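Here's the structure, in structure tokens; my notes come after.
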């Protein structure tokens with residue numbers, strides 16, 4: 001008895017939470033057993049199958065709900081055939097495998113590179129020779145790197161009309177690029193023809209994509225670089241410098257011509273105007289002399305003697321007004337001196353120290369025109385005019 005009491009005292013008592021858990025489990029098992037016994041008809045195989053089928057049907061139908069993000073289009077296809085295109089927002093379609101939906105981003109800007117890879121934007125050594133080497137019309141080889149930016153403008157055509165759109169676009173771009181480059185000379189491609197070539201390539205690519213109904217719109221075509229191969233870079237740079245020197249000399253020559261030619265034209269115009277003025281002056285003077293002579297002829301016809309006398313006096317007055325000679329009559333005891341008034345006034349205005357005696361011309365009374373008399377270094381000449 002004492003040993004049994006000792007063994008009983010040595011056993012460890014069970015934890016309270018375990019006892020509570022066992023108690024609750026027995027209670028739930030009892031309730032479940034009672035519910036199953038009371039409702040055995042509900043747990044038949046048919047009812048279980050119907051419940052599972054209904055649940056799966058609801059889940060399957062719920063899987064047809066989809067949301068199209070902003071900037072995308074949802075392309076619905078039924079057994080692989082196009083059904084409709086949905087706009088951004090929540091939609092529902094018949095779940096797979098009957099219908100499927102493909103979301104296509106129609107606002108994303110996409111790029112393809114021909115002749116180089118993406119790394120070539122920072123490292124020019126990433127050129128792809130198979131794509132970049134082109135033959136020009138003058139049989140020169142150049143390296144061309146081209147970038148095409150495009151976006152999808154028709155989601156249905158993009159998915160159903162062309163297989164592998166990006167590779168198709170790249171191959172088409174390379175083909176069009178080779179055709180356009182092959183129709184132009186190297187100098188035109190490398191210098192002033194870049195914009196024209198880019199526009200032509202873009203137009204032809206877009207025409208081909210429209211013909212394929214690929215649903216692609218070409219946004220821009222950029223000619224990243226066009227240059228001769230590295231093997232001939234030195235010679236090409238020398239040719240460029242020579243071309244630049246040629247153009248510089250041409251510009252200098254044109255500048256010189258633009259400076260000299262206007263001056264020559266101005267001088268020629270001035271000479272022509274002077275000649276025309278001289279011509280007009282001579283013609284006007286001749287007409288004036290003619291009119292004066294006609295008027296004089298009328299007066300002469302009225303009174304010839306008086307007209308002759310007047311002409312003689314006018315001629316003599318004109319002659320004496322411009323001479324520095326003094327006319328003397330030797331027969332007169334006190335000769336009368338005739339001097340032009342302007343000359344007399346000029347001599348009075350000159351200083352006495354610088355005054356020199358004028359030349360004296362004497363006319364003999366007996367009409368001897370060869371008689372000459374000198375007076376203190378002055379020359380005396382007879383006058384041939386008679387009053």
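Numbering (full-length UniProt numbering), first residue to last: 1 to 387.
For each residue, glycine too, the CB sits at the ideal point set by N, CA and C.
Please read these numbers as outputs of a predicted model, since none were measured by experiment.
Inset, instruction - Following the continuous beta strand (DSSP E) through residue 251, name the residue where it begins and the one where it ends. - result: From DSSP, residue 251 is part of no beta strand (DSSP E) but of the alpha helix (DSSP H) over 233-302.
Inset, instruction - Would you check if the region 150-162 and the region 239-256 touch, i.e. whether three or more CB-CB distances between them fall below 8 Å? - result: no
Inset, instruction - Check each candidate in 29, 117, 275 and 148 and name the one with the smallest Cα separation from residue 203. - result: Across the set 29, 117, 275 and 148, the C-alpha of 148 shows the shortest separation from the C-alpha of residue 203.
Inset, instruction - May I ask you to report which of helix, strand or coil DSSP gives residue 16? - result: helix
Inset, instruction - Tell me whether residue 87 sits in a helix, a strand or coil according to DSSP, three-state version. - result: coil
Inset, instruction - Look at the Cβ atom of residue 178, then the Cβ atom of residue 134, and state whether they are nearer than 8 Å. - result: yes
Inset, instruction - Return the chain-ordered list of same chain residues with a C-beta closer than 7 Å to the C-beta of residue 193, the five sequence neighbours on each side being excluded. - result: 184
Inset, instruction - Go through its chain and collect everything with a Cβ distance to residue 73's Cβ below 6 Å, but skip five positions before and after it. - result: Counting only Cβ-Cβ distances below 6 Å, and skipping sequence neighbours, we find 85, 104, 106 and 155.
Inset, instruction - Use the C-beta contact count for residue 276: other C-beta atoms within 10 angstroms, 16 or more gives buried, fewer gives exposed. - result: exposed
Inset, instruction - Keeping to the same chain, check which residues put their C-beta closer than 6 Å to that of residue 389; ignore five residues upstream and five downstream. - result: With the chain covering only 1 through 387, there is no way to say anything about residue 389.
Legend entry - Three-state class that DSSP yields for residue 78 in the structure shown: strand
Legend entry - Status (buried if at least 16 other CB within 10 Å, exposed otherwise) for residue 143: buried
Legend entry - residue 174 versus 128, 213 and 195, residue with shortest Cα-Cα distance: The shortest C-alpha separation from residue 174 is found at 128.
Inset, instruction - Assuming residue 102 and residue 75 form a contact by the criterion Cβ under 8 Å, report the distance between their Cβ atoms to the nearest whole angstrom. - result: 5 Å
Inset, instruction - Find the nearest neighbour of residue 236 within the set 207, 272 and 187, judged by alpha-carbon distance. - result: 187
Legend entry - Residue environment, residue 165, which counts as buried when at least 16 other CB atoms sit within 10 Å: When all chains shown are included, residue 165 counts as buried.
Inset, instruction - Thinking residue 197 and residue 176 are a contact (beta carbons under 8 Å), I'd like their distance in whole angstroms, please. - result: Rounded, the Cβ-Cβ distance is 11 Å, inconsistent with contact.
Inset, instruction - Could you check what DSSP says for residue 152 in three-state terms: helix, strand or coil? - result: Strand.
Inset, instruction - Decide if residue 216 is buried, meaning its Cβ has at least 16 other Cβ atoms within 10 Å, or exposed. - result: By the neighbour-count rule (16 or more Cβ atoms within 10 Å), residue 216 is buried.
Inset, instruction - Indicate whether residue 112 and residue 169 have their beta-carbon atoms separated by less than 8 Å. - result: Going by beta carbons, residue 112 and residue 169 fall inside the 8 Å limit.
Inset, instruction - Drop a sphere of 10 angstroms on the beta-carbon of residue 93, count the other beta-carbons inside from all chains shown, and report buried for 16 or more, exposed for fewer. - result: buried
Inset, instruction - Starting from the N-terminal side, write out each stretch of the alpha helix (DSSP H) that is 4 residues or longer and does not extend beyond the region 170-196. - result: 186-190
Legend entry - Classification of residue 19 by the beta-carbon crowding that lies within 10 angstroms, buried from 16 upward: exposed
Legend entry - Through-space distance from residue 226 to residue 212, alpha-carbon basis: 29 Å
Legend entry - Extent of the continuous beta strand (DSSP E) to which residue 139 belongs: For residue 139, no beta strand (DSSP E) segment is defined, and its DSSP state is neither H nor E.
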